[in-house]
Structures are given as structure tokens and as C-alpha cells.
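Working notes, structure below.
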Amino acid sequence: MSGRAFVGSSGTYNVRASELAREKRVKTIRCIVYFLDDSQQTFEVDKRSKGQHLLDMVFQHLELIEKDYFGLQFSDNDHSSDSMRWLDASKYIRKQIKLGPPYLLYFRVKFYVCDPSKLHEEYTRYHFFLQLKKDILAGKLVVPAATSVLLASYAVQSEIGDFNPEEHKNRYLADLRLIPNQTEEMEKKIAELHKLHKGQTPADAEYNFLDHAKRLDMYGVDLHRARVRDSTNSDIQLGVTSSGLVVFQNNLKINTFSWAKIVKISFKRKQFFIQLRREGTETYDSLLGFNMLSYRSCKNLWKSCVEHHTFFRLHAPRPPRKRLLFSLGSKFRYSGRTEYQTLEDGKHKARTERIFTRSPSKRFARQTVPQVTREVLDGWEKKISKPIARMNGTSSSHIRPYDSFSHKIQVSEPEYRPRKAWAETPSPEITAFTPSIPPKLINYVDDDTATDDLYEMSSYMSETAVTNGHEESQGLATIRMKPDDQGRFGFNVKGGADQNLPILVSRVAPNTPADTCIPRLNEGDQVLMINGREVAGLTHDQVVKLIRASRERHPAELLLTVRPNVYVGEDVEEPDFQYIPDARHVSSKVPRSDVLSESMLLLSDGLESGATIAQFEQLYRKKPGMCMNIAKLPENLNKNRYRDISPYDSTRVVLLGSPSGDYINASHVHMEIPTSGIVNRYIATQGPLPTTTFDFWLMVWEQQSTLVVMVTTLMERGRSKCHKYWPKLYESLEIGFLQVTCIREQETSSFAFREFTLINTENKEERHITHMQYTAWPDHGVPDDASDFLDFVMQVRQNRVGMVESAIVHCSAGIGRTGVLILMETAMCLIEANEPVYPLDIVKAMRDQRAMLIQTTSQYKFVCEAILKVYNERIVKPLKEYQR
Numbered sequence: 001m002s003g004r005a006f007v008g009s010s011g012t013y014n015v016r017a018s019e020l021a022r023e024k025r026v027k028t029i030r031c032i033v034y035f036l037d038d039s040q041q042t043f044e045v046d047k048r049s050k051g052q053h054l055l056d057m058v059f060q061h062l063e064l065i066e067k068d069y070f071g072l073q074f075s076d077n078d079h080s081s082d083s084m085r086w087l088d089a090s091k092y093i094r095k096q097i098k099l100g101p102p103y104l105l106y107f108r109v110k111f112y113v114c115d116p117s118k119l120h121e122e123y124t125r126y127h128f129f130l131q132l133k134k135d136i137l138a139g140k141l142v143v144p145a146a147t148s149v150l151l152a153s154y155a156v157q158s159e160i161g162d163f164n165p166e167e168h169k170n171r172y173l174a175d176l177r178l179i180p181n182q183t184e185e186m187e188k189k190i191a192e193l194h195k196l197h198k199g200q201t202p203a204d205a206e207y208n209f210l211d212h213a214k215r216l217d218m219y220g221v222d223l224h225r226a227r228v229r230d231s232t233n234s235d236i237q238l239g240v241t242s243s244g245l246v247v248f249q250n251n252l253k254i255n256t257f258s259w260a261k262i263v264k265i266s267f268k269r270k271q272f273f274i275q276l277r278r279e280g281t282e283t284y285d286s287l288l289g290f291n292m293l294s295y296r297s298c299k300n301l302w303k304s305c306v307e308h309h310t311f312f313r314l315h316a317p318r319p320p321r322k323r324l325l326f327s328l329g330s331k332f333r334y335s336g337r338t339e340y341q342t343l344e345d346g347k348h349k350a351r352t353e354r355i356f357t358r359s360p361s362k363r364f365a366r367q368t369v370p371q372v373t374r375e376v377l378d379g380w381e382k383k384i385s386k387p388i389a390r391m392n393g394t395s396s397s398h399i400r401p402y403d404s405f406s407h408k409i410q411v412s413e414p415e416y417r418p419r420k421a422w423a424e425t426p427s428p429e430i431t432a433f434t435p436s437i438p439p440k441l442i443n444y445v446d447d448d449t450a451t452d453d454l455y456e457m458s459s460y461m462s463e464t465a466v467t468n469g470h471e472e473s474q475g476l477a478t479i480r481m482k483p484d485d486q487g488r489f490g491f492n493v494k495g496g497a498d499q500n501l502p503i504l505v506s507r508v509a510p511n512t513p514a515d516t517c518i519p520r521l522n523e524g525d526q527v528l529m530i531n532g533r534e535v536a537g538l539t540h541d542q543v544v545k546l547i548r549a550s551r552e553r554h555p556a557e558l559l560l561t562v563r564p565n566v567y568v569g570e571d572v573e574e575p576d577f578q579y580i581p582d583a584r585h586v587s588s589k590v591p592r593s594d595v596l597s598e599s600m601l602l603l604s605d606g607l608e609s610g611a612t613i614a615q616f617e618q619l620y621r622k623k624p625g626m627c628m629n630i631a632k633l634p635e636n637l638n639k640n641r642y643r644d645i646s647p648y649d650s651t652r653v654v655l656l657g658s659p660s661g662d663y664i665n666a667s668h669v670h671m672e673i674p675t676s677g678i679v680n681r682y683i684a685t686q687g688p689l690p691t692t693t694f695d696f697w698l699m700v701w702e703q704q705s706t707l708v709v710m711v712t713t714l715m716e717r718g719r720s721k722c723h724k725y726w727p728k729l730y731e732s733l734e735i736g737f738l739q740v741t742c743i744r745e746q747e748t749s750s751f752a753f754r755e756f757t758l759i760n761t762e763n764k765e766e767r768h769i770t771h772m773q774y775t776a777w778p779d780h781g782v783p784d785d786a787s788d789f790l791d792f793v794m795q796v797r798q799n800r801v802g803m804v805e806s807a808i809v810h811c812s813a814g815i816g817r818t819g820v821l822i823l824m825e826t827a828m829c830l831i832e833a834n835e836p837v838y839p840l841d842i843v844k845a846m847r848d849q850r851a852m853l854i855q856t857t858s859q860y861k862f863v864c865e866a867i868l869k870v871y872n873e874r875i876v877k878p879l880k881e882y883q884r
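Using full-length UniProt numbering, the first residue of the sequence shown is number 1, and each one after it goes up by one.
Have a look at this one:
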């Protein structure tokens, strides 16, 4: 055969090369994630991976612990206005994202916590802070002009620290991108507020930022556009929140449907429905229909409702329904963890200090939300999409359309007005104090020759978080320093067990070696440990010797663990006008016999929807027009435990026989119980200081009080809360012309009962005093269970039987726990008298007599829940003579 016969049929096949090519074939997909600090990270995941795998990689990259509040968003397509969607953890990534690869995703807050105090980690709060800043700049979170300036001032404090007149001159804020349409005039206002935040750490400033932002109408609202076919034919927005469904019109909240009032949510094509629980005399459930832009818009709203309800309301997600062969409708269920599970998990985890760097706010930083930009990365094609969600629609004739002006359906809460900038005082101490620009550390003067006052008045608000439920959250800093050539560290301390005061830094010297240390030590910082040894219980001399001993160490070094002090500048008077919320009351048409039970239903609904807490946060702290001039006189300043807690001039207790003057930080508080003729009389006062112990006992004597109720311990978390103003068992304390003797003492796990004899040594008159102390209140927050506290209040009430004089009640400042006890006992008396209980009205009556009674929202929520417990479990019930 010739060679030509094989020419047309010849060929080769490279087996090895084909095998190598198959191995090199891409089996992974690229996901580029943009973070809230404008950084980005590329993740390689298997093309068959589900969303949960990518989420886990992102959370691991961030080392995020409280991760359940966050999610990843992506753009659905390039053209639809309804394009931003959340990555579903249970579905395959490549089946969800239509654009790519590479897939572009955005790390965002998915569930906005209703109270930032629930977040244990400073790192988590920082991400919420970044998200809200982006929301404000993008116009997603609508903020009144005055509030936007206040929020911006906290952002500035977080980023650049305390105002320094030498460094911060002219337009020092010009390079920071803080608020939309920022002007020079706005920057001047921000700068003025920035000066007032002196001493706040970045964590503190961010917490205050969140604490104000949470009160905005549009905080944490997932908005969806809709249309109402009523007489107005108007466009509205439906917002999904932690408390329910909110209706907005022109960025104003016009209606609220709490989860407690919603029976069912459903959708069909472009129509979204909510079924409301029947009320009062209604014989049917109300079904409201809303018209959305498209089927996708409607389903996204429905899914958002399912997720928010499950996350915030349920203890655990409901298991998905089993698929039937011919079943219709969406089988979607939220599959992640709920907020309850997150919080419970956080209680059992140790809190660790975390070092992280805060990103600066550049004036012209690139915008990553809501604009989705695909940049050319490693040769990938550039694509752009615009993912701004807009929803609209039409209504079905057989469904009653939502009427924005229907008084029957409208159950909106009163308009919320943020607390004024001047009404806020210092921030709480936040866990893990790790500022990005560390505070400069000043070394201390270890000089015994310098003497300081034994007591320096601090701010109560700097020790107690405002409406956050955490008193004295642990924010600690570790400081290392070496002595100078003369063996000095450069600071003075004061306090000690012999003075019943914590160890505080009283003076810092400039130009000492410690000036170069990071972080900086400041006046007012509390020293907790020296060289690993706790100083609680040590005298002042022992602490000084411990510091000096550090010079003899090899190498000479001093290691301090301190709690940074939060200090705010001068006290600023609140304006005369303060907003008073309009709380819901039982209708006058309800039979008198049912008024109490109806008021309890209102209270229960308000707690479930969040309206009760929102109304409390709006209530003025100080009664408009009331003066506190006597407390501010120079001779009286050192009689106040906290410089920002004072009695009104008109309701203060006046001493008659005190050689130091007639002033004591105490107020008369009278609570009247309607129809019963009962008036419970209290004296709300601060815990005595070493210098005011005689004044305290003189007040007991002159007011003829026989009952003293103490709702604090002497020391909490290393800080003095109250001076021990009574003697030990069978011992006597002589102070002035009064002699106090302890004749009986009994302690339980929650209470301490004591009996004293109080003798006037001048006329030999003797009185019997009952002293009751509640010891089970936790170091921060409120008790997990109200049972012990209610037992204590019942014991107090038993000792008040037949009393016509005032019972003296005090905690540390005489406003927080003191107010809780007064409110609880008042509510019990109202229940016995078969009268309606409106806690907000009671607080208003209390604050009209002493400012700031009931200090935090957690305290208010705790006592409201305790009132419901007392009523529902019939611990207290209407007396027979008041039953109708």
C-alpha cells in the first residue's frame, strides 16, 4: 500500500495534556466582598457551595462573634430597580446571583438591634456605627438637621478624640464626610458639640451615636414602596422593623402594626396582605391589602417580614414545612439563629478585649451603597448596576384597601422626637476599650507630699449608662510604664479602703516618662490592679507602697489595669420646653370594673411593640420650670455624690439643726392612690457620703421616719456606691448629738434586715428604726428574674402598714433603683384599689418631684414586666372593698 493512502486519515491525541487541562478547569468561584469600612476581600469558594459557606468565611475573616445581625447583599440584575437581595444561606450561591463571576457582595447589617446595650462586643457596635453612618450619607436613614449634627459630633469624637484647641482650628472637619450636603455652618455646629464630648473614648462616642440613632423613626427600617387605593390614591412605604410593620408617607410615620396585633401575613402576585387581630367589640379580623410594584417586590417584603418576626420575636426558628407533591405557595422560612439565641449564647461566653483599627471618614470616600460597581479586577469585565429598591402595586376589589386616614385601623404610636443634645450626659463605659488612635498616656507622680481632697464629685451619668440597661460596663485599659531617672512615674492617687473610696488618679504631671505610653492615663481613671494585684480592699498607704515597690523590680516597671474615666464638660441646663409623650389610656366607654384589666392589656401590647419603651425615652428627665439653685451653691456642692443629680428647690428636704447648713440631697415624693385616700410618702435620697452621714441621720430624726430602704450595696465593681452609715451588730455609732445602735441583723441571699435604736443624746429621746436592704441587684443591668425583688417590695409594704411619715429610700444617686421601688409599690397599691395602672404617668408624677427617677430603659422595662407579673400571677389583686 502506498503512503498516500494514510494521509487523510492520520491524527494524534495528547492524553496527558488533556488530563492536565481537566485538572486546571475552574472548580471554584470568586466572591469579592465589600465591607463597611470600605475595604474588600476576595474569597474563593467551591462552585457548589451554599450561601452559609461564604457567610462563615466572611465572619471568620472579620473574627465577628455576634454575627447573626449581619448578612451579605448582592445585586439581582443590572436593570431592575428591585435588585438588592440578601444571600440565602440555605441555597447555592451560583443559583442566587445572576451577575458574574466574579460575584460582588456587600457585608451589611441585616437586623438592626432595638437597643445597642444588647450587643456585648464593642467590635459589633462599631460595625453598627459604620452601617448607620452609611445609611445617613446615602439618605436611607432620614435624620432631622439638629440630630444629624449631634450624631456627626459623636462620629468626630470617635475618630479624632477630644477637641484640642491647638490642633483643631478653623475648618478641621472639612476633610471628614459626616452628613449629606455638609456645609461650613454645619461644621461649626458639629465642632461646638464636639467640645462637649471631652473624655469619651471611641467606644463611648459610638455607643452614644447608636443610642441617639435608635430613637429615629426610620432607624432599622427595611423600606418597601407601595400604593394605597383610597380617596388619596397616595404612595406610601412599608417598613419592616423589629417591632412590626410601619407605614410611612413622605418619610413620616403614619401608622404602626405591631407583631402582637398581626395574625397573619401573606402575598399573592403583586398584593401583600396583613390580617389584624380583632379588638374590643369587633366581631371580625381586619384584612388590609397593599399593592406592590411587582411580584418580586411583594415576595421580598413578605420574606423580610418572615425573617424579622422570627429573628426578633421567636426563641428558635420554626422548622420548614414538608413539601407536598402538589403544594402551592412559598416554603421559605428563616433558617438562621434568632436574637434570643444570640443573646443567650453571649451570656455564656467570656468577653475578650479585641484590638482593631477604626477606619477614617474621608470626605470623598467612594460610595458602595446602594450603588453596585464592578471595577476591572484582574482582567474581569467592568459592569454597573443600580440596585435601589422601589415597590408599588394595585389592590383587589374584594380586599378592603388600607386607608391611611382610617381612625378605626390606625394604631400609630405618637411621633418620636429624639432627645436633645443638651439632655445627654456622658456615655457608658463600653467593653474592650481599644481606640484606633489610642489616648495619650500621662505618667503619674508618685509623690506623697501632694494631697488631694478625699472625695471628688463625679458624674452619675458617667457611671451609669443612659437607657441602655448596663451600669458600669467593664471597659478596661492596660498600661505599662517605666520610672524616669529620678525614679518617678508621674502621678498621684487618692482613695482607698480606709476612706471607703475607690483608688482614683488625682493628678498627672506633664513631661514625664509616661507621656510616651499608649494608652494615656488621665485624671479620674480608676486603678483596679497594680502589677496584677487587685487594689480593692487596700488602704491608700498600701497602694502607694505597692507603686513604689515597682521601682525595685528588675527591670523597674509598673503595670496598671485601669477603668478609663468618662468625663463630660460643664453641666448644661435643659430648656424649659420638653416633649411629653401621649401614652394610650383605656377608653372612657370601658366599664369601670374592666379598666384595670384593660390597662394591663395596653401595657402588655406596648411592651411587645416597643411603644412603651419609646414613650419612656421621650419623657423629660427634669420637669420644665423647676430650679435646682440651692444644690449648686458653693457650700453645698461637696454634699452631692454626683454633680449632675440634685433635688428641686421646691421639693427638697430642709434640715433644721445641721451646723453645715439646711441642704441635703433628698427630695419629698408623694404618690397618691386615687379613690383610696392613700398617699404613700417617700424621701428619695442619695447614698450617704462620709461627710454627709450626720445629715442623713439628722434627716431621719427630724422627719420622724421609722423605715429606711436601701436598694444598693456598698461597693459594686470596685466603686463605692454608698458609705456604710450604720454600726456593726451590737455596736454604736455616735455622730453629733445622735447615737445609732444596731440591735438586730438578719441576712438572706437577697435581703438584709436590721433594726436600730436612734437616740438623741441631748434629750435622751429614743426611736426605733427598721433598715431594709436589697442586695441581689446585679452589678449592671437589672435582675434576670423579678421574684426576689417583688418579695422585697412586699416586705417593705408590710413594714409601711400604718405609717403616716415618709419612708426614706435610697440607692447610690437616689434616682435609678430608688425610682424602680417607688413605681413598683405605687403600681401594687393601684392594683389593690382596682385602679388602672399607667406606668408612664406614674414616672411623670415622680419626676415632677425629683428629676430623673427611673434612670434607664432597662429599669423601666424591668418594672413594667414586674407589674404584669404581679397582676397576671395575682400576687397582688384588688381588695374586696374596691371590687365592683
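Heads up, the beta-carbon is just placed ideally off N, CA and C, and yes, glycines get one too.
Counted as a single uninterrupted DSSP element, the beta strand (DSSP E) harbouring I769 occupies residues 765–774.
Nearest Cα to E702 within the set K721, L559, V654, Y682: V654. In the three-state DSSP reduction, D222 falls in the strand class (E or B).
With a beta-carbon spacing of about 4 Å, A631 and S646 fall inside the 8 Å limit used to define contacts.
According to the DSSP assignment, D541 belongs to the alpha helix (DSSP H) that extends over 540–549. Looking at the DSSP output, G71 sits in a beta bridge with R108. In this chain, the beta strand (DSSP E) harbouring A477 covers 477–481.
Sorting D484, T685, Y295 by C-alpha distance to the C-alpha of K270 places Y295 at the top. Residue range 857–872 is occupied by the alpha helix (DSSP H) that includes K869. Rounded to the nearest angstrom, the gap between the Cα atoms of A845 and N522 is 40 Å. When the alpha-carbon of Y92 is set against those of E63, V45, I769, H554, the nearest one is in V45.
Cβ-Cβ distances below 7 Å link Q883 to N834 in the same chain, with the five nearest sequence neighbours on each side left out; the list follows chain order.
Distance between P502 and H668, taken at the CA atoms: about 30 Å. Each residue's CA atom was taken as its position, placing M186 and A145 some 9 Å apart. Judged by DSSP in its simplified three-state form, S650 adopts coil rather than helix or strand. Nearest to V109 by alpha-carbon distance, out of D135, A205, K98, H120, is D135. Its chain contains E825, M828 as the residues whose beta carbon lies nearer than 8 Å to that of R797, once the 5 sequence neighbours on both sides are disregarded; these appear in chain order. Under the three-state reduction of DSSP, G657 is assigned to coil, being neither helix nor strand. Cβ contact annotation for D37 (same chain, cutoff 7 Å, sequence separation greater than five): L130, S359, in chain order.
From the listed residues V740, T512, K721, the smallest Cα separation to Y730 is found for V740. DSSP places L698 within a helical segment (H, G or I) once states are collapsed to three. If only complete runs of 3 or more residues are kept, the segment 236–298 shows the beta strand (DSSP E) at 244–249, 252–258, 262–268, 271–276, 286–291, in order along the chain.
The beta carbon of S676 is closer than 6 Å to those of A833 in its chain, skipping five residues each way along the sequence.
The bridge partners DSSP lists for I645 come to none.
Separation of L840 and N636 (C-alpha to C-alpha, rounded to the nearest whole angstrom) is 32 Å. Under the DSSP definition of a beta bridge, D46 partners with T28. R215 carries a coil assignment under DSSP once its states are collapsed to helix, strand and coil.
A residue is called buried once 16 or more other Cβ atoms fall within 10 Å of its Cβ, and L245 is buried on that count. Less than 8 Å divides the Cβ of A807 from the Cβ of Y682. Taking a C-beta distance under 8 Å as the contact criterion, S609 and A260 qualify as a contact pair. C-alpha of G220 to C-alpha of V700: approximately 49 Å in a straight line. Closest option to A203, judged by alpha-carbon separation, among E122, S258, S242: E122. The C-alpha of D594 is placed about 14 Å away from the C-alpha of Y838.
Contact between V782 and S858 holds, with the beta-carbon distance rounding to 5 Å and staying under 8 Å. By the Cβ criterion, the segment 490–499 is in contact with the segment 529–543, since at least three pairs of Cβ atoms, one from each stretch, lie closer than 8 Å. Under the three-state reduction of DSSP, V595 is assigned to helix.
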